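Novice: My structure is below; once you've seen it, I'll send some questions.
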């Protein structure tokens, strides 16, 4: 069974240049060694990070075949960042063998290799011998003799039977591990490229002193440093105080030497990277480069926008005429011309004209609020602003402006503007080319002044390293002012993406396809949004022409990189590191990264090496270079730098430093609320991980706690000063901001954590919304639920019906998700422009109602149903032809194979482990089997995945029992995603998983009754196909197959079928056109894929659970279950509806989980080849009896609550009234919003046959509890 590995940091030292990893002896733990050595390091003033690795064997046993897997597992545990800093390995006895194997594996995998390896208390490799399986490894007496020979074991410990047995069990497992490593070494000489020091005891009987020098054989080169040190004592010489001190001194001396070399190497490395130079047109300005392009291809298309095109000659002529006018009104070198309009052809003309006239351009965003726009004008004092008529009245009256609407060129020609004189002062490359405004962290406009030189250097580098092909077409919008010249300087056409298209993924991919775009720049967030919104088929069809994609503006996650590269393996994916103050710094093609580059981080992609002529330095707080792996601050130098900040000499001096690096200037890379009269001080930080959904959180200290400003007050104040994207989503009140006493700066480590900020999230919205201002119509209520989910609000009853989406935390990327959610929920296709133009909740709801042709009172189920029926499902149910079990292509699998797959599995792969049924399945696997469970979990890494599993177990009252069943040892989380190829796993992990597992329990799905099939397909259909692919993927055993137990739903039966057809044996292959919703359709298609896989020879069972009720033991509900919402609502209202035509079908989830585990893991031979219903065998309970059970249970509960029975119309009216009151529980709001839909389900009296499964389960003494007063008493006990 595979080992479990734990890596622990015993001594943190963030600024230390070296890490030390301790690997313990057989039966030992790293803590004992590490803590003792840590004291010595501290006393000697040696700053290192001290780590230890420990391992354990599930079920108390080991297998020599898994020895190398343990070494690989150690490597995997540490790959999340450990190897990013120089490190050494220290291994004692068995730990020495592990150190050798680990160092060898790291070299094989192209990871960083250790700077030095210390082997202690171990014989040289050629004399390693095996421990005898029958004597030493089975006989406790022999093991105790071995311990006595080694010495160092506390005899009092061995005198305690329980502790003696625990120690012997661990020792026995580790000695088997030793044998596996010996076998590995004997297969061929193993060497490492690192310095080696060997330690030994002078009286160690098992390791002769004269053999220690033979360790030199593991050195790959004669140049590798080698040394031997001996100490008084035996095998565990470290138990002697004298030897311990001598050992520590020897270790410290060597570590200091390694540290000194590391620091020197770091400086050499930085100097080497910064030494790259290349020529560039250092005497040219941007408009000079454009003029050269015009001369090369004057009649080629230069720019395209909404059906209009201009040639290079036309762009040149028009910009020249406009430049004449700008010069006429006073534009000269270092004078600013503002550009205030949408992205369009006139913007491009204005841009080039401003430069041609000798001045600089300054883009002004059309989203600027009036106050901010006026302050920018006052700050920058542009000579003129080039705009359009629709924006002119937003500029200050005193500002000179020229409107570039249709006919502008003719109007300008009528003025007889003189041509610029030939002897005018020419622009120099170090003159101002553009100013970009930033509000920074103070809210005061800050202009970043950039010369021609940096942009020229950037454009030249990209043109040289990524030259255009003759048929390339580049589309631009993101970072428009930096990108628009690039294609034209390469003599290729610029395609301007309209403002209304860029953040609408569906429109955007259509635009790129229609215009045959081959190059584009995205922010990572925008690319992520496109991949999340569009189906794989659409992406492959619409984006297949892309040759090069630039990513800039945010950190790129490896998950995003992998998703894109898997879809478009031939497309370059350039990750560009660029900031306003230093233009382009570095770039790397993520699709062609080396394995080492990939190993630098397990989460984020590299941004490559610095560009030619650019220099980067990582310095500490004293501006001194730090070693590789040591945190520091990034400083940038070279021709890419900005000039400084407009009218801010002090700020320029603080960030553009002239004396840090001799002979050059470097840029030091690294709160309007403080102006509010009720705010004493504040800070704005980001919430969320880089490359994911980040937003702004404002931490404020009120001036007077008796007059705390409300969120709406603060937001209104900021709306006059900042664009909407710069306004914080969340406001958190603090008593004071934590300040670092040494630096006097904000101590960010002591700020409230992200989780703490989330708890205070509702402070971002006023909690005093009057009932009359809450959402009123059904559509508004459903839309409010969508907002609450997208904005991660604790409740939707704090949303004012007239609130703007952007006022309560929304932003442009999130608004595209809102468009998708509206489409999925209402089957209404809004555009991003609809949201941007009228972002109020009530306005969006009105648009939805208008599209539906109703008043918001109607239900959209029928429209969704009609849309669902348009899908031709049999054409969807096509299984990839490559999914075929090995050696089964003729008549199915052999009797031997049936017997093999019918055995209880040792290792089970489970999907959907964090859902309601899934977490109970995991609990049942832990409880009723001894299997190790591999759980696919949607998470960024293993730690987050395990955390999600633990939270799910805790939520449903299963955590304590799971721990009793050895959760940590038996559950192996796998971060992945059902919607992605290979389940979101890399190819090696997918292959490894196929080798490890014996059976698959596929429970994961996107369970949503309102989403269309197209949205659910990726997870529910394609995810099932990837599971089937895993089942037939060959591991080490070329003929191994893994049976698949597919968890489907009884929803695959259309309501139109007669009751006699609801059987386990009913053939549903011909009824797909009768299915009512996308979820049922997706599960039907997945079932058909499973049938096809079975036809090809894969062992498959299909298990269809009924409606899942709470566990009959814990009574913990699924909070989104409609029966739960109904009963909880009745309890809140104090009444139940008088209905006799409703039916309640409830299958306790613990019964269902036990049943499924019985069929999948305990007796799989009973289910393979079958379709079984995991269903309460009793018919649904009529509502009058059900409500009687419920009211009696509530009356006899601890609350003694009496519930009245009232007419349905009266009950429903009370529900609607209660749902609009202040502080209404979210559950009651959900019930009120969905009661019309729920009614459809309650009126179904379908009885699903489960005769076959029930008989088999009854034989196994697995009995389903009936729906009764006692059961409902359990379900309501905690209310």
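Numbering (the working numbering), first residue to last: 3 to 1281.
For every residue, glycine included, the Cβ atom is placed at its ideal position computed from N, Cα and C.
What you are looking at is a predicted structure, and each value in this text was computed from that prediction instead of being measured.
Check whether the Cβ atoms of residue 973 and residue 951 lie closer than 8 Å to each other.
Specialist: Against the chain shown, residue 973 aligns to sequence position 971. Against the chain shown, residue 951 aligns to sequence position 949. Cβ distance < 8 Å, so residue 973 and residue 951 count as in contact.
Novice: Let me check understanding here. Comparing Cα to Cα, which of 1159, 822 and 288 lies closest to residue 791?
Specialist: Here residue 791 refers to the residue found at position 789 when the chain shown is read from its first residue. Taking only the C-alpha atoms, the option nearest residue 791 is 822.
Novice: Taking C-alpha atoms, which residue in 316, 378 and 711 lies nearest to residue 339?
Specialist: Taking the chain shown and counting its residues from 1, one reaches residue 339 at position 337. Taking the Cα of residue 339 as reference, the smallest distance to any Cα among 316, 378 and 711 is reached at 378.
Novice: DSSP three-state label for residue 540, please.
Specialist: If you number the chain shown from 1, residue 540 lands on position 538. Helix, per DSSP.
Novice: Within 10 angstroms of the Cβ of residue 47, are there 16 or more other Cβ atoms? Answer buried if so, exposed if not.
Specialist: Position 45 of the chain shown, counting from 1, holds the residue named residue 47. Here residue 47 is exposed. Its C-beta has fewer than 16 other C-beta atoms within 10 Å.
Novice: In this structure, does DSSP put residue 318 in helix, strand or coil?
Specialist: For the purposes of this step, residue 318 is identified with residue 316 of the chain shown, where counting begins at 1. Residue state, collapsed to three classes: helix.
Novice: Taking the alpha-carbon positions, what's the residue 253 to residue 938 distance?
Specialist: Residue mapping note: residue 253 aligns to position 251 of the chain shown, counting from 1. Residue mapping note: residue 938 aligns to position 936 of the chain shown, counting from 1. Cα to Cα, residue 253 sits roughly 43 Å from residue 938.
Novice: Helix, strand or coil: which one does DSSP assign to residue 1085?
Specialist: Taking the chain shown and counting its residues from 1, the one referred to as residue 1085 is at position 1083. Three-state DSSP puts residue 1085 in a helix.
Novice: Between the beta-carbon of residue 375 and the beta-carbon of residue 396, is there less than 8 Å?
Specialist: Here residue 375 refers to the residue found at position 373 of the chain shown. Here residue 396 refers to the residue found at position 394 of the chain shown. A contact, by the Cβ cut-off of 8 Å.
Novice: Could you tell me which residues DSSP pairs with residue 636 in its beta bridges?
Specialist: Within the chain shown, residue 636 is the residue found at index 634, counting from 1. Looking at the DSSP assignment, residue 636 forms a beta bridge with 620.
Novice: Closest to residue 260 by C-alpha separation, out of 116, 234 and 244, would be which residue?
Specialist: Taking the first residue of the chain shown as 1, we reach residue 260 at position 258. It is 116 whose Cα lies nearest to the Cα of residue 260.
Novice: Which runs of the beta strand (DSSP E), 3 residues or longer, sit entirely within the stretch 919-995?
Specialist: 934-939 and 973-977
Novice: Alpha carbon to alpha carbon, how far is residue 843 from residue 772?
Specialist: As a working note, residue 843 is residue 841 in the chain shown. As a working note, residue 772 is residue 770 in the chain shown. So the two alpha carbons sit approximately 16 Å from each other.
Novice: By Cβ distance, which residues of its chain are closer than 7 Å to residue 500, with the 5 residues on each side in sequence left out?
Specialist: The residue labelled residue 500 in the question sits at position 498 within the chain shown. For residue 500, where only same-chain residues beyond five positions count, the Cβ hits under 7 Å are 308.
Novice: Going by the beta-carbon positions, is the gap between residue 1022 and residue 1084 smaller than 8 Å?
Specialist: Start at 1 with the first residue of the chain shown, and residue 1022 comes out as number 1020. Start at 1 with the first residue of the chain shown, and residue 1084 comes out as number 1082. Yes. Within cutoff.
Novice: Inspect the beta-carbon positions of residue 10 and residue 39 and report whether they are closer than 8 Å.
Specialist: Counted from its first residue, the chain shown places residue 10 at position 8. Counted from its first residue, the chain shown places residue 39 at position 37. The answer is no: Cβ separation not under 8 Å.
Novice: Which runs of the alpha helix (DSSP H) spanning at least 4 residues fall entirely within the stretch 1087-1165, listed in chain order?
Specialist: 1124-1135 and 1151-1159
Novice: Looking at C-alpha atoms only, which residue of 1028, 979 and 1204 is the closest neighbour of residue 1088?
Specialist: For the purposes of this step, residue 1088 is taken as the residue at position 1086 of the chain shown. Residue 1028 is the option with its Cα nearest to residue 1088.
Novice: Jot down the residue ranges of each uninterrupted alpha helix (DSSP H) in the stretch 325-401, minimum 4 residues, whole runs only, in chain order.
Specialist: 347-358, 372-382 and 391-394
Novice: To which residues does DSSP link residue 670 through a beta bridge?
Specialist: To locate residue 670, count along the chain shown from 1; it is residue 668. Its beta-bridge partners are 637.
Novice: In whole angstroms, what separates the C-alpha of residue 663 from that of residue 584?
Specialist: In the chain shown, counting from the first residue as 1, residue 663 sits at position 661. In the chain shown, counting from the first residue as 1, residue 584 sits at position 582. Rounded to whole angstroms, residue 663 to residue 584 spans 16 Å at the Cα level.
Novice: Pick helix, strand or coil for residue 816, following the three-state DSSP scheme.
Specialist: The residue labelled residue 816 in the question sits at position 814 within the chain shown. If DSSP states are grouped into helix, strand and coil, residue 816 belongs with the helices.
Novice: Over what stretch of residues does the alpha helix (DSSP H) that includes residue 54 continue unbroken?
Specialist: The count along the chain shown starts at 1 and reaches residue 54 at position 52. In the DSSP annotation of this structure, residue 54 is not part of any alpha helix (DSSP H); the continuous beta strand (DSSP E) holding it starts and ends at 51-58.
Novice: Where does residue 1178 sit, in a helix, a strand or coil, going by DSSP?
Specialist: Along the chain shown, one-based indexing puts residue 1178 at 1176. In this structure, residue 1178 counts as coil in the three-state DSSP scheme.
Novice: Does residue 886 come out as helix, strand or coil in the three-state DSSP assignment?
Specialist: Here residue 886 corresponds to residue number 884 of the chain shown, with the count starting at 1. Residue state, collapsed to three classes: coil.
Novice: Rounded to a whole number of angstroms, what is the C-alpha to C-alpha distance between residue 218 and residue 184?
Specialist: In the chain shown, counting from the first residue as 1, residue 218 sits at position 216. In the chain shown, counting from the first residue as 1, residue 184 sits at position 182. Roughly 18 Å between the two C-alpha positions.
Novice: Whose CA, out of 1109, 519, 1061 and 421, lies closest to the CA of residue 319?
Specialist: Locating residue 319 in the chain shown gives position 317, counting from the first residue. When each option's Cα is compared against that of residue 319, the closest is 421.
Novice: In whole angstroms, what is the alpha-carbon distance linking residue 50 and residue 439?
Specialist: Reading the chain shown from its first residue, position 48 is the one you call residue 50. Reading the chain shown from its first residue, position 437 is the one you call residue 439. Straight-line Cα distance between these residues: approximately 44 Å.
Novice: With 16 as the cutoff for other CB atoms within 10 Å, does residue 1265 come out buried or exposed?
Specialist: Within the chain shown, residue 1265 is the residue found at index 1263, counting from 1. Counting of Cβ neighbours within 10 angstroms places residue 1265 among the exposed residues, the total staying below 16.
Novice: State the DSSP-derived secondary structure class of residue 197, mapped to helix, strand or coil.
Specialist: Locating residue 197 in the chain shown gives position 195, where the first residue counts as 1. In this structure, residue 197 counts as strand in the three-state DSSP scheme.
Novice: Going by C-alpha distance, which of 1208, 1180 and 1181 is nearest residue 1193?
Specialist: On the chain shown, position 1191 is the one that residue 1193 refers to. It is 1208.
Novice: For residue 1181, which of 1145, 1172 and 1082 has the nearest alpha-carbon?
Specialist: Here residue 1181 is taken as the residue at index 1179 of the chain shown, counted from 1. Looking at the Cα atoms, 1145 is the closest of the given residues.
Novice: Would you identify the three-state DSSP class for residue 479, choosing helix, strand or coil?
Specialist: Residue mapping note: residue 479 aligns to position 477 of the chain shown, counting from 1. In the structure shown, residue 479 sits in a strand (DSSP, three-state: E or B).
Novice: Based on the DSSP secondary-structure assignment, which residues constitute the bridge partners of residue 462?
Specialist: The residue labelled residue 462 in the question sits at position 460 within the chain shown. Under DSSP, no beta-bridge partner is assigned to residue 462.
Novice: Within a Cβ cutoff of 8 Å, which residues of the same chain sit near residue 317, ignoring the five residues on either side of it in sequence?
Specialist: As a position in the chain shown, residue 317 is number 315, starting the count at 1. Counting only Cβ-Cβ distances below 8 Å, and skipping sequence neighbours, we find 296, 304, 305, 350, 351, 354 and 490.
Novice: Can you name the start and end residues of the beta strand (DSSP E) that residue 552 belongs to?
Specialist: Counted from its first residue, the chain shown places residue 552 at position 550. Looking at the DSSP string, the run of the beta strand (DSSP E) that includes residue 552 is 550-553.
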